[in-house]
Every structure is written in C-alpha cells, then in structure tokens.
Amino acid sequence: MTIRIRDAVEADVEGIARTHVQGWRESYKDFLSPEALAGLSVEERVQMWQRALAEPEPRARLLVAEADDGEIVGFIRGGPIRGKGPELLGTGAEIYAVYLLDKVKRQGIGRSLMRGVFDHLAAHGLRSVGLWVLKDNLVARRFYEALGGTAGAEQSFDLRGQMVTEVAYRFELSPQG
C-alpha cells in the first residue's frame, strides 16, 4: 500500500472524521472506558472538521495520509496556540490532533505528517510547537520523544466521564530560510 501525504480539502471531511473516531477507538482502547469510546460520533466529527475547513487559519495546516484506494488513513492539524492551557505548553504553536489507523502505524507516516506541520509552522516564523498526550499512552510518548519532543507540564481533567492526565510535549522547530 502506497500512502500519499497531502493538504486536506473539503471532500476529505468525512474520511478525516471516520479516521478521527476509529483512531480514538484504536489508540485509546487501553485508556478509556468502552462506554466513552462507543459514544464517539462520526457525524459530530464531520461537523467539527467542516468548521475547521470553512474558517481556515493561514498559519495552520491540515494534512491527510491517503491510501491508494482513496481512504484517509491518518491526518494531522497544527497551528498557532489556542486554548487548553497554552501557558503549560510554553510554545507559540500546537498540534491540535494527529491520528493514524493501526493498520498503517510504524511505517513512517506519522513522522511524515509531523514533519509536514513542523516545516509549515517554522516557515511562518514559529520556533516551537507543543502537544498534549495521555500520560499513560507510552507508545505515543516514545514516538514524540523519538522526534525530539521533551515532556513538560501535566494536567488532569474529565474526558468523556473519566479522569485522565495529559503530558505536554515541546518540540523546537528549525528556522526556515
């Protein structure tokens, strides 16, 4: 299977929404209750991603990983810092979401998606980017550390009826010139 990384377009919204829900269910099955994961809605995510594409932020980037058959098997969106404890991230930018389906993990796709957003943010003058990851998600944490991310602050909150703790990761961006 060949995977192509490209900028998302409006026609990708449903594929991104499906990958978002399936990615949550696959990635968080060991951390969140079955009830919390069952309550995820593709329709709700479609609306969320339609809004994101309808109101683009020029410094943000939404990339998809597309398989030969047109299936969206991963995506990433990052841009200028927004809510959710920006002072804890200590950066000017953040990765809002990054998900891959299990069937395409460990093939360098996540690394390519991250690099695409890192390069975009650096080209817009941003020098660092942060993201939040579940503290117990050791696979994802090792991935971020392999990309040069350093762990920082933690925060706990209620996620779909369950208390979880997240760890902030910070990445330094190379200036583009």
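Under my numbering, think of the first position of the sequence shown as 1, with each following residue one higher.
We treat Cβ as the ideally placed atom computed from N, Cα and C, and that holds for glycine.
Three-state class that DSSP yields for residue i in the structure shown
i, result
"Q107", "coil"
"G70", "coil"
"F143", "helix"
"K92", "Checking the sequence, you will find Gly at residue 92 rather than Lys. Residue state, collapsed to three classes: coil."
"A54", "helix"
"V9", "coil"
"F31", "coil"
"I76", "strand"
Run of the alpha helix (DSSP H) containing residue i, from where it starts to where it stops
i, result
"L126", "Where L126 is concerned, there is no enclosing alpha helix (DSSP H), given that its DSSP letter is neither H nor E."
"A38", "34-38"
Proximity test, residue i beta-carbon vs the ligand MG heavy atom, cut-off 7 Å
i, result
"R61", "Of the ligands one can find in the structure shown there are none, so the ligand MG has no counterpart to examine."
Of the residues the options, the one placed nearest residue i, counting alpha carbons only
i, options, result
"M1", "S156, Y144, I16, K103", "K103"
Boundaries of the beta strand (DSSP E) in which residue i is found, first to last residue
i, result
"S156", "150-159"
"M1", "M1 -> no beta strand (DSSP E), and no H or E assigned at all."
"A60", "From DSSP, A60 is part of no beta strand (DSSP E); its letter is neither H nor E."
"R170", "162-172"
Integer-rounded CB distance, given that residue j should sit under 8 Å from residue i
i, j, result
"Y169", "V133", "6 Å"
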